[in-house]
Every structure is written in C-alpha cells, then in structure tokens.
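**Student:** So that we are looking at the same thing, I have put the structure below in structure tokens.
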Amino acid sequence: MSKIGDNSTPKKDSKIKGFFKRVGGFLKRHKKLFIILVIVLCVYGYFRYNAKKAAEMLAEQANQPVTATVETKDLTQSVSVTGTLTANNTKTITSTIGSSGVTGVKVAQVNYEVGDYVEAGTVVVEFDSDDYNRKLAELNAQHAISDAEAVVNLDDLNKKINDTQKKIDETQKYLDDNKDIYDNVKALKDDYDKYGAEAYGDRYSSEDAAIMKKYGMSLAMFIQDYEDKRDSISDLQFQITALQNQIELANMQQNYAETYSQVDELTDVYKSMDKTQVSTPISGYIISMDVEEGNNYTQGNSVFTIADTSGFIVEATVNEYDIANIKEGLPVAVKFEATGDEEFSGTVSFVSVASTTTVSGGASQAAQAAAGGSTGTGVAEYKVKITLDGTDDRLRVGMTAKASVILDKAANVLSVPYDCVQEAEDGSYFVTVIGKDGSKKDVPVTRGLESDYYVEISGEGIEDGTTVEAVVSDGPSTDMMDYVTFD
Numbered sequence: 402m403s404k405i406g407d408n409s410t411p412k413k414d415s416k417i418k419g420f421f422k423r424v425g426g427f428l429k430r431h432k433k434l435f436i437i438l439v440i441v442l443c444v445y446g447y448f449r450y451n452a453k454k455a456a457e458m459l460a461e462q463a464n465q466p467v468t469a470t471v472e473t474k475d476l477t478q479s480v481s482v483t484g485t486l487t488a489n490n491t492k493t494i495t496s497t498i499g500s501s502g503v504t505g506v507k508v509a510q511v512n513y514e515v516g517d518y519v520e521a522g523t524v525v526v527e528f529d530s531d532d533y534n535r536k537l538a539e540l541n542a543q544h545a546i547s548d549a550e551a552v553v554n555l556d557d558l559n560k561k562i563n564d565t566q567k568k569i570d571e572t573q574k575y576l577d578d579n580k581d582i583y584d585n586v587k588a589l590k591d592d593y594d595k596y597g598a599e600a601y602g603d604r605y606s607s608e609d610a611a612i613m614k615k616y617g618m619s620l621a622m623f624i625q626d627y628e629d630k631r632d633s634i635s636d637l638q639f640q641i642t643a644l645q646n647q648i649e650l651a652n653m654q655q656n657y658a659e660t661y662s663q664v665d666e667l668t669d670v671y672k673s674m675d676k677t678q679v680s681t682p683i684s685g686y687i688i689s690m691d692v693e694e695g696n697n698y699t700q701g702n703s704v705f706t707i708a709d710t711s712g713f714i715v716e717a718t719v720n721e722y723d724i725a726n727i728k729e730g731l732p733v734a735v736k737f738e739a740t741g742d743e744e745f746s747g748t749v750s751f752v753s754v755a756s757t758t759t760v761s762g763g764a765s766q767a768a769q770a771a772a773g774g775s776t777g778t779g780v781a782e783y784k785v786k787i788t789l790d791g792t793d794d795r796l797r798v799g800m801t802a803k804a805s806v807i808l809d810k811a812a813n814v815l816s817v818p819y820d821c822v823q824e825a826e827d828g829s830y831f832v833t834v835i836g837k838d839g840s841k842k843d844v845p846v847t848r849g850l851e852s853d854y855y856v857e858i859s860g861e862g863i864e865d866g867t868t869v870e871a872v873v874s875d876g877p878s879t880d881m882m883d884y885v886t887f888d
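Per the numbering used here, the very first residue in the sequence shown carries number 402; after that it's consecutive.
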C-alpha cells in the first residue's frame with residue numbers, strides 16, 4: 402500500500418503544476434484581459450459597499466422627522482417693488498423768445514454745462530439781443546417818441562424804485578459799518594484754511610465766539626452773509642433799471658394811446674428782450690443742456706433741464722395683485738446697488754388709481770375699461786412714488802432702486818417657518834411638537850403676522866426653543882444613488 406501511495410503523490414503534484422502552468426500561460430497570453438477583470442471586480446465591490454451604506458442612510462432618514470425650532474423674531478410683512486430714482490423736482494426750461502416775429506434766435510452764450518450746480522434765479526443761457534435792439538430803433542423812429550416818462554402807474558413804479566433804493570442804502574450801510582470786521586475775519590479764515598488749526602485754531606475759535614455773540618451766526622456764516630449782501634446790490638440796481646424801463650414804457654403807452662397796436666409791438670419787444678436771458682426757477686444740477694453757442698433756437702424747444710436733488714423720489718410700478726395693499730404714507734426700505742446693503746427709509750407718497758399697462762391694440766387698460774371694452778389678459782401695473790426721507794451724495798438720478806413697502810410689523814414674537822403650521826379639518830391651525838424623548842403632540846395655535854418665510858404663532862406651551870415638526874412636500878430621496886458617495 403505504501404508503494405501505491407508513493408506513486409500517486411508525484412502524479413498529483415504534476416497535475417497541480419500543470420494546471421498553474423497552463424493558467425500562467427493563459428495570463429501571459431491574455432494580460433490585458435486579466436487587468437480588466439481585476440478592475441471590474443474592484444469597481445463592483447466598491448459600489449456594493451456604498452450601496453449598503455446608502456441603504457442604511459435611507460432607512461435612518463426615513464425614520465427622522467424634519468423639524469424646526471420656535472424662535473423669537475421681528476417679523477415684517479412687505480411688498481417688494483423695483484423702480485428708478487428721480488429728483489425731487491425736475492424742470493425742463495423752454496423759452497418763448499421770438500414771439501415778436503424774430504425767428505431763429507441765435508444762442509449767444511451758455512454759462513453752465515451738464516453737471517453744474519446753479520442757484521435759483523441764475524442766468525444759464527443768453528440769446529443774441531441785436532435783432533431786438535434793431536426792432537426797438539425802428540419802432541422808436543416810427544413813433545417819434547420824445548417823452549420817455551410815463552404817467553400811468555408812475556406813483557406805484559416810483560414807490561417801488563424808492564423802496565428798492567432804500568434797500569440798497571440799508572444794505573450798503575450794513576456793508577460799510579461791518580467792513581473792518583469782515584476784512585479781519587475773512588483774512589483770519591483764509592489763514593486758518595491755509596495753515597490749519599494748529600497755527601490759528603485758538604484765534605479762530607475766539608473770533609468765532611465773538612461773531613456768534615454779536616451777530617447770532619458763526620464766523621463762516623457771517624462771511625457768507627456779508628458777501629451775499631454785497632452781491633445783492635447789483636441785483637437791486639438791476640431791478641431799479643427794470644422799473645425805470647417800465648416807467649418809460651408806461652409813458653409811451655400813455656402818449657400814444659391812439660396807436661395801441663404799435664405800443665403792443667414795442668411791449669412785445671421789451672418782453673422778448675427780457676427773455677434773452679434764460680434763468681433757472683429752481684436750485685439744482687443741470688442734467689441736460691439742449692442748446693449750443695452759435696446755433697439758432699426755435700421758440701418752445703427745450704433750453705436745458707435742471708434737477709433739484711435736495712430730495713429724491715423712487716418711481717416704481719406695482720402689479721394688480723399687490724396694489725390694493727399699497728397706501729400713501731406706508732413706510733418703505735430702499736436699497737441701491739451703489740450703496741450695497743445700506744437701507745434708506747422712505748414713504749409712499751403717490752399711488753396711481755389707473756393702470757399704466759399697455760395691452761394688445763395699443764390702448765392702456767384704463768382707457769379700454771373706461772370705453773367699456775375688454776382690458777385683455779395682461780397683468781395690470783400701477784405707478785407708485787416713494788419719497789426718500791433723506792439724501793446721500795452717492796445717489797444719482799436714474800439708479801435702480803429695490804424697495805420693500807412695509808405693510809405691517811410685529812416685534813419680538815414667536816415664529817416658525819410656514820411649513821410647520823398645519824390646518825385641521827375644522828379650519829383651525831396646529832403644530833406638532835416634538836418632545837425630548839421623540840414623542841409627538843398636536844398643539845392648537847393662532848396664526849399672526851406672516852412674512853416672506855415665517856409666520857407668527859401663539860398657543861399653550863409654545864415658547865422660544867420649542868421643537869416642532871415641519872410638513873414638507875418633498876421628503877428625503879428614495880433613490881439610493883442619491884446617497885452613494887465617492888470618497
């Protein structure tokens with residue numbers, strides 16, 4: 402038996418060696434196939450492992466409710482609108498120059514340009530007055546005017562002249578009486594501005610206090626007031642000249658009453674001469690200049706446009722779904738791209754009663770409704786204006802404004818996200834409170850103010866920090882591949 406056993410062992414070893422030799426030869430001949438097979442097995446094992454993890458995660462997610470915490474918040478109910486920033490007062494200035502028959506009046510001088518700030522009453526544009534001077538000479542020759550003093554309203558005109566002259570005298574007396582003081586403090590302010598507080602601070606403060614005590618204004622304001630009075634004298638003198646011209650005109654009208662048409666022509670020329678100087682009626686920045694020196698101007702066209710930026714208004718539109726909630730006087734928070742997250746307070750100052758939306762056919766919805774026609778299927782929009790409470794040097798006309806019209810506010814109230822409040826069959830509301838042990842209890846609540854995401858609630862046992870269940874329409878994904886990770 403031992404002999405037979407000894408003979409069988411070499412045969413088995415030979416078979417095993419032959420098998421591995423054949424396998425080794427096969428692998429040498431199919432090396433690429435072997436590598437691919439190894440990769441496939443590794444990938445299969447990796448995905449199988451992650452799928453197992455995903456199944457465990459899915460089971461855990463399915464057993465966990467989505468929750469939220471009751472928080473004490475300040476809630477705001479608002480309507481968001483987008484609009485454009487405009488100036489508090491914008492005026493386009495035109496001229497009626499040329500009404501006496503003179504056409505194509507030449508622009509003689511443009512004193513300011515776009516971006517300049519000008520005070521009310523400043524002459525911005527001047528037209529050529531040569532044509533009017535020639536017209537006056539012709540009329541004077543025709544009428545043979547020999548007496549330049551008018552008797553009509555002379556007393557009134559002379560009184561105005563006397564009153565104006567009195568103002569000049571009083572102003573001049575003030576200037577004379579205070580000239581030395583003005584010269585001293587003006588020189589002091591110039592030195593202070595040039596060399597700074599270290600050199601002139603004590604003296605400046607002392608003089609400023611003395612000026613305040615005597616005149617009731619600061620040193621800088623006294624200087625400005627003095628210079629304004631000095632500059633006003635020329636304006637008053639111009640008024641006297643104008644009044645004297647009126648006296649002359651009144652006298653001509655009296656002496657040539659029988660030729661009213663001719664006098665009217667003369668009056669028209671004088672009025673047109675006054676129109677050769679175009680002044681601004683308001684203080685502000687020139688935002689457009691529509692004439693050029695040397696060009697001809699046609700009566701009625703725009704000369705320039707000026708904007709009073711001492712205040713700003715946001716002009717916006719609100720759709721028909723929100724307009725019913727917008728009232729004049731509501732507070733508004735406004736943001737601009739140029740000022741980042743900084744908010745500017747404002748107030749709704751205008752709410753349109755008619756739609757501005759254009760529908761098919763070219764007519765506005767308001768016009769079509771008034772005519773008894775269909776207003777189409779478009780959404781109507783209404784103009785609103787928001788007046789800002791203040792101003793800022795960074796604000797510019799034409800900026801896009803994003804505003805929130807505040808309809809209501811609630812301070813320091815308990816609130817939860819919308820999806821935490823459920824409605825019962827009887828129309829009442831409740832929240833599902835999650836206890837520390839995971840137990841659930843439905844608690845009736847009363848809803849209060851609603852913001853964009855949160856709602857105010859109150860109810861027995863509801864307090865800050867209470868955990869409640871959120872009812873979400875989109876629960877955790879049931880697709881295991883959503884939980885497979887590739888670390």
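In this text, a Cβ means the ideal position worked out from N, Cα and C, and glycines have one as well.
In this text the structure is predicted, and so the values were computed from the model without any measurement.
Along the alpha helix (DSSP H) that carries T748, what are the first and last residues, could you check?
**Tutor:** Unbroken run through T748 is the beta strand (DSSP E), F745 to S756; no alpha helix (DSSP H).
**Student:** Measure how close the beta-carbons of V519 and S635 come, nearest whole angstrom, since I'm counting them as under 8 Å.
**Tutor:** No, V519 and S635 are not in contact; Cβ-Cβ is about 17 Å, not under 8 Å.
**Student:** Indicate whether the contact test is met: 3 or more Cβ pairs, each with one atom in the region 713-729 and one in the region 479-498, closer than 8 Å.
**Tutor:** Output reads yes: the region 479-498 touches the region 713-729.
**Student:** Name, in chain order, the residues that DSSP records as bridge partners for S680.
**Tutor:** The partner list for S680 (beta bridge, DSSP) reads V524.
**Student:** Between the Cα of L558 and those of Y445, P466 and L644, spot the shortest distance and give me the residue it belongs to.
**Tutor:** Of Y445, P466 and L644, the residue nearest in Cα terms is L644.
**Student:** Using the beta-carbon count (16 or more within 10 Å), is S680 buried or exposed?
**Tutor:** By the 10 Å Cβ count, S680 comes out exposed.
**Student:** In three-state DSSP terms, what is E539?
**Tutor:** Three-state result, E539: helix.
**Student:** Measuring straight from C-alpha to C-alpha, what distance separates K810 and Y855?
**Tutor:** Rounded to whole angstroms, K810 to Y855 spans 12 Å at the Cα level.
**Student:** Run the CB neighbour count on V515, radius 10 Å, all protein chains shown included, and call it buried at 16 or more, exposed below.
**Tutor:** Classification of V515: exposed, given that the 10 Å Cβ count is below 16.
**Student:** Count the other C-beta atoms from every protein chain shown that fall within 10 angstroms of the C-beta of A725, then say buried if there are 16 or more, exposed otherwise.
**Tutor:** Per the 10 Å Cβ criterion, exposed.
**Student:** Whose C-alpha, out of Y698, Y601, I835 and V441, is nearest the C-alpha of T495?
**Tutor:** Residue Y698 is the option with its Cα nearest to T495.
**Student:** Any contact of the region 800-816 with the region 841-857, i.e. 3+ C-beta pairs under 8 Å?
**Tutor:** A contact exists between the region 800-816 and the region 841-857.
**Student:** Can you tell me whether DSSP reads A600 as helix, strand or coil?
**Tutor:** Correct three-state label for A600: helix.
**Student:** Apart from the five residues just before and just after G773, which ones in its own chain have a Cβ nearer than 6 Å to its Cβ?
**Tutor:** In this predicted model, G773 has a pLDDT of only 44, less than 50, meaning its place in the structure is not dependable; the value taken from the coordinates is given anyway. Excluding residues within five positions, none has a Cβ falling inside 6 Å.
**Student:** Are the CB atoms of Y627 and Y583 nearer to each other than 7 Å?
**Tutor:** Their beta carbons are under 7 Å apart, which means Y627 touches Y583 by this criterion.
**Student:** Tell me M690's beta-bridge partners as DSSP assigns them.
**Tutor:** Bridge partners of M690: F705.
**Student:** With distances taken Cα to Cα, identify the nearest neighbour of V749 among V704, A804 and S840.
**Tutor:** Of the listed residues, the one whose Cα sits closest to V749 is A804.
**Student:** Considering only C-alpha positions, which residue in the set N646, K568 and Y593 is nearest to K342?
**Tutor:** Residue 342 cannot be examined here, being either before or after the span of the chain that is shown, 402 to 888.
**Student:** Would you check if the distance between the CB atom of T867 and the CB atom of T468 is smaller than 7 Å?
**Tutor:** No, Cβ-Cβ distance for T867 and T468 is not below 7 Å.
**Student:** Give me, in chain order, the residues of the same chain whose beta-carbon lies closer than 6 Å to that of G522; leave out the 5 immediate sequence neighbours on both sides.
**Tutor:** Same-chain partners within the cutoff: S680.
**Student:** Please report the straight-line C-alpha distance between P845 and D475, rounded to a whole angstrom.
**Tutor:** If I take the Cα positions, the gap works out to 22 Å.
**Student:** So, helix, strand or coil for D669, using DSSP?
**Tutor:** Helix.
**Student:** Could you check if S761 is buried or exposed, using at least 16 other CB atoms within 10 Å of its CB as the buried criterion?
**Tutor:** With a pLDDT of only 42 at S761, under 50, the local geometry of the prediction cannot be trusted, and the value read off the model is given with reservation. By the neighbour-count rule (16 or more Cβ atoms within 10 Å), S761 is not buried but exposed.
**Student:** Check the DSSP bridge columns for N720 and list the partner residues they point to.
**Tutor:** Answer is E782, bridged to N720.
**Student:** Nearest to D723 by alpha carbon, out of V806, A621, D709 and A651?
**Tutor:** The candidate whose alpha carbon is nearest that of D723 is V806.
**Student:** List the residues that DSSP assigns as beta-bridge partners of I807.
**Tutor:** For I807, which the question treats as bridged, DSSP gives the partners S479.
**Student:** Would you mind sorting S359 into buried or exposed? The rule is 16 or more other CB atoms within 10 Å of its CB.
**Tutor:** The requested residue 359 is not part of the displayed model; the chain covers only 402 to 888.
**Student:** On a CA-only basis, which of V441, T470, C443 and L442 is nearest D865? Give me that one, please.
**Tutor:** Of the listed residues, the one whose Cα sits closest to D865 is T470.
**Student:** Who are the Cβ neighbours of F745 in its own chain at under 6 Å, not counting the five residues just before and after it?
**Tutor:** Within the same chain, F745 has close Cβ partners V735 and L789.
**Student:** With distances taken between CB atoms, is the gap from S689 to T706 smaller than 7 Å?
**Tutor:** Their beta carbons are under 7 Å apart, which means S689 touches T706 by this criterion.
**Student:** Which residues bound the beta strand (DSSP E) around Q510?
**Tutor:** Counting along the chain, the beta strand (DSSP E) containing Q510 begins and ends at V506 to V511.
**Student:** Return the Cβ separation of V511 and V524 in integer angstroms, given the expectation that the two are a contact with Cβ distance under 8 Å.
**Tutor:** About 11 Å separates the two Cβ atoms, so there is no contact after all.
**Student:** On a Cα-Cα basis, can you pick out the residue from L650, Q678, T677 and E870 that is closest to D895?
**Tutor:** No answer is possible for residue 895: it lies beyond the span of the chain, which begins at 402 and ends at 888.
**Student:** Look at the Cβ atom of I641, then the Cβ atom of T565, and state whether they are nearer than 7 Å.
**Tutor:** Yes, they are a contact pair.
**Student:** Out of E824, E721 and G791, state which residue places its alpha-carbon closest to the alpha-carbon of A781.
**Tutor:** It is E721 whose Cα lies nearest to the Cα of A781.
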